[in-house]
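Listed in order, the protein sequences are those of chains A and B.
Using this note's numbering, the letters of the first sequence correspond one by one to residues 2 to 310.
Using this note's numbering, the letters of the second sequence correspond one by one to residues 14 to 227.
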Amino acid sequence: MSSLQSLDIAARSASTATVPVARTHKPEVAKLIDVSSCIGCKACQVACMQWNDLRDDVGDTNGTYDNPRDLTPQSWTVMKYSEVVTRTEDEGDRLEWLIRKDGCMHCDEPGCLKACPAPGAIVKYTNGIVDFISENCIGCGYCVAGCPFDVPRISKVDSKAYKCSLCADRVAVNQEPACVKICPTGAIRFGTKEDMIEYAGDRVVDLKERGYQNAGLYNPAGVGGTHVMYVLQHADKPNLYAGLPENPTISPTVALWKGVAKPLGVAAMIGAAVAGFFHYMKVGPIETHVDEPDVQPTPRPDQRDDTRV
Amino acid sequence: MFITRYRDRTRMNHWAVALLFICAGLTGLALFHPSMYFFTAFFGGGQWTRILHPFFGLFMVLGFVFLFFAVVRDNFWTKADTEWVKKSPELIKTGNEHALPPVHKYNAGQKAVFWAFAVSLVLLLITGFMFWQPWFADFFPIPLRRIAMLVHAVAALVLVLSVIVHVYAAIWVKGSFRAMTRGTVHEDWAKSHHPLWYKEVTQATRDNATRKQP
């Protein structure tokens, strides 16, 4: 996306001033990925590539269906296929193929945005979409450290960070993201976050009826909830789904670094310089006195005999 | 009247490190806090600032290595230094250094600053490599990079604070600055602030003079 004038920005990286907040009625959007109805056709990967006009290099296979193997600057979404053995009471051990569409989760409290040092390189729109404004990106890789989901990828070509934009450009003109548009099974849905949570509730009830006792919605609170949510058959073990983190939060080191260290560090540096200035004005310089053989310092006014009564 | 404190080589080394510190410091501060992002304007914008910062830092550390070996033997800590530190609040409050034990080439404050430079620069060098984009960051796992970024920021803070103390001391104690601009200090300055060093230097000169006589 470009940085066209917008009243729809909720947060902007490396910016301490208030963003335009005149428009407050924007509903939050969300993409809901129902893992239980995904057939792993990768149409969403193709649609993403086509809409965003990306061409990844031809890779190689590692014995799974993951292709490419991982997210790249040219592949903003990747299907991750996990073959896991789960245990059920009536069937015993059983093989399950859990297919998760990996990509940016569009956190409500984005770690990438918190870590980014370039003003306006990462923005969160009022509808909840987190977008990288590439023209402002300086390629430092701080967003990589900030992200609890390991999503941003730094390009080897231009040293800029890339990830799923949730098709912010399509959403801005009332279209659903490309992956949603293409999905043949309706496993990917898009709408207001409220509607998606409600729809997910129905899906969870259905899955529970079909024997998935731990079915649930993945909308982790540690990052304030996400604008990409999953319906999981095994919501108690998100790790089964290609290592989806159980309780994602911004790392404490990043929080410390971009939280208290930032203002305190600046205060300490400026404080030291100002303290030096006032010290000089109060105590004055230490001067060497050439005439005195023993080099006594000049007595301060309050130490002089004549001032003592 | 004046006695030599630093050779030309050491002074040029010092100023090269100082200039690189300013460049590394300003580019680093620009990336540390948004209020100082405008420093990127001096270095060709945000992307150039990000590209240049590690090089400034690397060359600053390389420069400091030479400086380190030039002055390290005069910076080892002694019992007298501990004593000096204990009595230093008086110096800070009044500027009167007479209560303090006599000092060699460097006083305890100078030594503390020197070691703060050395330690923080080592930390900055090691951690800097750990998230240097685009060449070295990928060799380190993300959790390690996160720690490196925090340690880098803290070490940089220690370095900047030490430099502020260092610069202030040079302004505060009159006659010090010419040690780095001309390489010499006034005899009285040496007698007053570094009496043991003064004795050593003058003794050596006298010894040389007597040795020359047949």
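Glycine included, every Cβ here is placed at the ideal spot set by N, Cα and C.
Since the model is a prediction, treat every value here as computed from it, not as a measurement.
Exercise. Can you find a C-beta in chain B that's less than 8 angstroms from the C-beta of W258/A?
Worked result: The count along the first sequence starts at 1 and reaches residue 258/A at position 257. Chain B contact via Cβ: present.
Neighbourhood of V20/A by C-beta, 8 angstroms cutoff - its chain only, sequence neighbours within 5 removed: Your numbering for residue 20/A matches position 19 in the first sequence. Scanning its chain for C-beta atoms nearer than 8 angstroms, with the 5 sequence neighbours on each side dropped, one finds around V20/A the residues I10, A11, A12, R13, in chain order.
*Taking C-beta to C-beta, are T254/A and H199/B nearer than 8 angstroms?*
Sequence index remark: in the first sequence, residue 254/A carries index 253 (1-based). Sequence index remark: in the second sequence, residue 199/B carries index 186 (1-based). Contact flag unset, no.
Item to complete: Tell me A31/A's beta-bridge partners as DSSP assigns them.
Response: Along the first sequence, one-based indexing puts residue 31/A at 30. According to DSSP, which records beta bridges pairwise, A31/A is partnered with G192/A.
**Request:** Taking only the alpha-carbon atoms, compute the straight-line gap between F69/B and L163/B and give it to the nearest angstrom.
**Result:** The residue labelled residue 69/B in the question sits at position 56 within the second sequence. The residue labelled residue 163/B in the question sits at position 150 within the second sequence. Whole-angstrom Cα-Cα distance: 19 angstroms.
In this structure, does DSSP put H179/B in helix, strand or coil? Translated into positions along the second sequence, residue 179/B becomes position 166. In this structure, H179/B counts as helix in the three-state DSSP scheme.
*Would you say V135/B and H206/B are within 8 angstroms of each other, going by their C-beta atoms?*
Stepping through the second sequence from its first residue, residue 135/B is reached at position 122. Stepping through the second sequence from its first residue, residue 206/B is reached at position 193. No; because the gap between Cβ atoms is not below 8 angstroms, this pair is not in contact.
Going by DSSP in three states, V242/A sits in which element: helix, strand or coil? Residue 242/A sits at position 241 when you count from the first residue of the first sequence. Note that residue 242/A is Tyr in the sequence shown, not Val. In the structure shown, Y242/A sits in coil (DSSP, three-state: anything other than H, G, I, E or B).
Q.
List, in chain order, every chain A residue whose beta-carbon is nearer than 8 angstroms to that of V116/B.
A. Counted from its first residue, the second sequence places residue 116/B at position 103. For V116/B, no chain A residue has a Cβ inside 8 angstroms of its Cβ, as the nearest lies near 13 angstroms away.
So W98/A is in the beta strand (DSSP E); what residue range does that whole segment cover? The residue you call residue 98/A lines up with position 97 of the first sequence. From DSSP, the beta strand (DSSP E) with W98/A extends over 93-103.
*G129/A vs E29/A beta-carbon contact at 8 angstroms*: For the purposes of this step, residue 129/A is identified with residue 128 of the first sequence, where counting begins at 1. For the purposes of this step, residue 29/A is identified with residue 28 of the first sequence, where counting begins at 1. Less than 8 angstroms divides the Cβ of G129/A from the Cβ of E29/A.
Show which residues of chain B have a CB atom less than 8 angstroms away from the CB atom of S252/A. As a working note, residue 252/A is residue 251 in the first sequence. Result: P156, R159.
First and last residue of the alpha helix (DSSP H) that includes F72/B? Along the second sequence, read from residue 1 onward, the residue named residue 72/B stands at position 59. Counting along the chain, the alpha helix (DSSP H) containing F72/B begins and ends at 59-84.
Chain A partners of Y119/B, CB-CB under 7 angstroms?
Residue mapping note: residue 119/B aligns to position 106 of the second sequence, counting from 1. Near Y119/B there are no residues of chain A at all, since even the closest Cβ is about 16 angstroms away, more than 7 angstroms.
Contact defined as beta carbons within less than 8 angstroms: I believe V98/B pairs with A129/B. What is the distance between those atoms, to the nearest angstrom? As a first step, residue 98/B must be located in the second sequence, where it is residue number 85. As a first step, residue 129/B must be located in the second sequence, where it is residue number 116. Not quite, the Cβ-Cβ distance comes to about 14 angstroms (not below 8 angstroms), so this is no contact.
Notebook entry, point to check: In three-state DSSP terms, what is T15/B?
Noted result: Counting from one through the second sequence, the residue named residue 15/B turns up at place 2. According to the sequence as given, residue 15/B is Phe; it is not Thr. Annotated three-state conformation of F15/B is strand, per DSSP.
* **Test item: CB-CB of C141/A and Q146/B under 8 angstroms** => For this step, residue 141/A is matched to residue 140 along the first sequence. For this step, residue 146/B is matched to residue 133 along the second sequence. A contact, by the Cβ cut-off of 8 angstroms.
So what does DSSP say about D151/A, is it helix, strand or coil?
Within the first sequence, numbered from 1, the residue matching residue 151/A stands at position 150. In the three-state DSSP reduction, D151/A falls in the coil class, being neither helix nor strand.
Query raised in the report: Comparing the C-beta of G285/A with each C-beta of chain B, is any distance below 8 angstroms?
Result: Working through the first sequence from its first residue, we reach residue 285/A at position 284. Interface residue (Cβ-Cβ distance to chain B less than 8 angstroms): G285/A is classified as such.
Measuring CB to CB, does V181/A end up less than 8 angstroms from K164/A? For the purposes of this step, residue 181/A is taken as residue 180 along the first sequence, with counting starting at 1. For the purposes of this step, residue 164/A is taken as residue 163 along the first sequence, with counting starting at 1. In this structure, K164/A does not lie closer than 8 angstroms to V181/A by Cβ.
So, with DSSP's three-state summary, where would you put D151/B? Taking the second sequence and counting its residues from 1, the one referred to as residue 151/B is at position 138. Of the three classes helix, strand and coil, the one that applies to D151/B here is helix, per DSSP.
For a cutoff of 8 angstroms on Cβ pairs, would you count T17/A as touching chain B?
Counting from one through the first sequence, the residue named residue 17/A turns up at place 16. Yes, T17/A counts as interfacial toward chain B.
- Query: Would you say K212/B reaches chain A, if we count a Cβ-Cβ gap shorter than 8 angstroms as a contact?
  - Reply: For this step, residue 212/B is matched to residue 199 along the second sequence. With 8 angstroms as the cut-off, K212/B does not count as an interface residue toward chain A.
For this session: Determine which residues of the stretch 102-125 of chain A have a Cβ less than 7 angstroms from any Cβ of chain B, and write them out in chain order.
Result: Under the 7 angstroms Cβ criterion, the stretch 102-125 of chain A contributes P118, A119, P120.
Find the residues of chain D that neighbour Q123/B, judging by a C-beta separation of less than 7 angstroms, and give them in chain order. As a matter of chain content, chain D is missing from the structure shown, whose protein chains are A and B.
Can you check whether the C-beta of G187/A is within less than 8 angstroms of a C-beta belonging to chain B? In the first sequence, the residue the question calls residue 187/A occupies position 186. Closer than 8 angstroms: no.
Should the stretch 209-223 of chain A be called in touch with the stretch 239-256 of chain A, which here means at least 3 C-beta pairs below 8 angstroms?
Three or more beta-carbon pairs separated by less than 8 angstroms link the stretch 209-223 of chain A to the stretch 239-256 of chain A, which places the two stretches in contact.
To which residues does DSSP link F133/A through a beta bridge? Within the first sequence, the letter at position 132 stands for residue 133/A. Answer by DSSP bridge pairing, in chain order: I123/A.
Query - P147/B at chain A interface by Cβ criterion, 8 angstroms - result: What you label residue 147/B is simply residue 134 of the second sequence in a count that begins at 1. So, interface residue.
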